[in-house]
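The opening position of the sequence shown corresponds to residue 0 in numbering that gives the first Met the number 0, with each subsequent residue numbered one higher.
First the structure, in the form of C-alpha cells, and then the observations on it.
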Amino acid sequence: MDTIAGLPAHPLFVHAVVVLVPLVALLEILCALWPAARERLVWLVLALAVVTAALTPLTVEAGEAMYDRFPQPAAVLQEHAERGDWMPYVAVALLVVAALLALLHWWSGHGRGVAAVVAVLAVVVGLAAIAVVIKVGDSGARAVWGVG
0 MDTIAGLPAH PLFVHAVVVL VPLVALLEIL CALWPAARER LVWLVLALAV VTAALTPLTV
60 EAGEAMYDRF PQPAAVLQEH AERGDWMPYV AVALLVVAAL LALLHWWSGH GRGVAAVVAV
120 LAVVVGLAAI AVVIKVGDSG ARAVWGVG
C-alpha cells in the first residue's frame with residue numbers, strides 16, 4: 000500500500016510509528032521497573048506493541064515505494080532508507096519485551112531474578128528503540144526539509 004486516497008502512505012503512517020515506538024518503549028521501561036504500573040498497564044502495552052509491530056513494516060514498505068519514485072535519490076534519502084530498514088526489527092524487539100512483561104505479570108511464581116532480567120532487557124531495548132527512531136526520523140526530516 001503506497002498511497003491512501005491519492006496521498007503517499009509513508010508520511011501518513013510514519014507519524015504513528017514515530018509516536019508509538021517511543022511510547023511503547025517508555026511504557027515497557029515503566030512496567031519493567033515499577034510492578035504497580037505493570038499491574039495496570041501491561042495489557043495496554045502489549046496491544047500497543049502489536050499495533051506497532053503491524054504498522055511498522057507497512058510504513059517501511061510505503062517508504063520504499065516512495066523511494067523508488069526518485070530516479071536518483073539524494074544521499075540523505077538513501078541514508079534514511081537504510082536506517083529505516085532497522086525499524087521492523089525494533090518493532091519486533093518491542094513486541095517481544097511486551098510479551099515477556101505480560102508473561103511476567105501472568106506468571107505469579109517468577110523469582111526476582113526473572114523480573115530483573117526482563118527489566119534490564121526492557122531498558123536496553125527501550126533505549127535502543129528510542130535512539131533508532133530518532134536517527135531514522137532525523138534523516139527523514141533532513142531529506143524532506145533539507146535541514147542540517
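Just so it is clear, CB atoms sit at the ideal spot from N, CA and C, and this is done for glycine as well.
- DSSP places M65 inside the alpha helix (DSSP H), whose first and last residues are P34 to Y66.
- A direct Cα-Cα distance of roughly 32 Å separates P56 from A35.
- Segment contact: the stretch 53 to 68 against the stretch 1 to 16, three or more CB-CB distances shorter than 8 Å; contact assigned.
- G62 counts as buried, since no fewer than 16 other beta carbons sit within 10 angstroms of its beta carbon.
- In this structure, DSSP gives P70 a state outside helix and strand, which the three-state scheme calls coil.
- As computed with DSSP, P7 is found in a beta bridge with T2.
- In the three-state DSSP reduction, D137 falls in the helix class (H, G or I).
- The residue among L102, D137 and G112 with its C-alpha nearest the C-alpha of V41 is L102.
- Under the Cβ criterion (8 Å, minimum of three pairs), the stretch 122 to 129 does not count as touching the stretch 138 to 145.
- Under the three-pair Cβ rule at 8 Å, the stretch 20 to 29 counts as touching the stretch 87 to 107.
- With contacts defined by Cβ atoms closer than 8 Å, L99 and V44 do not form a contacting pair.
- With contacts defined by Cβ atoms closer than 8 Å, A130 and A31 do not form a contacting pair.
- Around the beta carbon of L6, fewer than 16 other beta carbons sit within 10 angstroms, so the residue counts as exposed.
- At least 8 Å separates the beta-carbon of D1 from that of A73.
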